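Structure first, then comments.
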Amino acid sequence: MDEVELYREQILRHVSPVITGRFAGYQAAYTREVRVGQPLLIVVYITAGIAQLIGSLLRMRAARRSFKELKKGPEFLVTPMRVRDDLGQIYEVEMHGHLPQSAMHRGDLIQVRTEPQKDARLPVKLLQVVNLTTMQPLTPRIPTMWSHLGPALLLQAVLGLMVALAVAVVWLA
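No gaps in the numbering here: position 102 of the sequence shown is 102 in the UniProt record's numbering, and each next residue is one more.
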């Protein structure tokens, strides 16, 4: 048996929504893609296309992203972090998004509010952390579907929807 196997720390899964303990450090971070709802994306893309068509008739230039690019969704940073409780047990929590590097230091007393993820094989997801050493509440932020689409495309979609509704009212009247 390997010597490393004898002294490997056991990482536990926490079932309670709150974990209080000492910050034990971050693990290697990686990216994960946000899922984008296809039906809603199609509606936004088509209605934005109507506004872009009218804009092209009026000789207004608009940046156009492909449907394939929009369907891919934004990526966000996933950083596994470890918390050691008073009994010395280590729990792994996934942090989605970013926190300032100076927000937590190894050994700080923290309280983490979590929720289970859809995939039960993954560790719980961090919703909010309070650094009890500095009394600083921290909430990581991740991109959403709306931030991925962007305000320009959403504005075009609203204008396109208004034009489509106006045409439908005139046609039905």
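We put the beta carbon where it would ideally sit given N, CA and C, even for glycine. Please read all numbers here as calculations on a predicted model, not as lab measurements.
Quick test of your reading: residue i and residue j, contact by CB under 8 Å. State the CB separation rounded to the nearest angstrom.
i	j	result
residue 114	residue 122	Not really, about 11 Å apart at Cβ, beyond 8 Å.
residue 76	residue 34	6 Å
Does the beta-carbon of residue i have 16 or more other beta-carbons within 10 angstroms, so that it is buried, or is it exposed?
i	result
residue 30	exposed
residue 52	buried
residue 88	exposed
residue 44	buried
residue 166	exposed
residue 38	exposed
residue 48	buried
residue 101	exposed
residue 70	buried
By Cβ distance, which residues of its chain are closer than 6 Å to residue i, with the 5 residues on each side in sequence left out?
i	result
residue 84	21, 22, 24, 90
residue 129	110, 112, 138
residue 117	125
residue 103	138
residue 19	83, 91, 112
Between residue i and the rest of its own chain, which residues show a CB-CB distance below 8 Å, the 5 nearest in sequence each way excluded?
i	result
residue 78	29, 30, 31, 32, 94, 95, 96
residue 27	79, 80, 81, 82, 92
By DSSP, does residue i sit in helix, in strand, or in coil?
i	result
residue 90	strand
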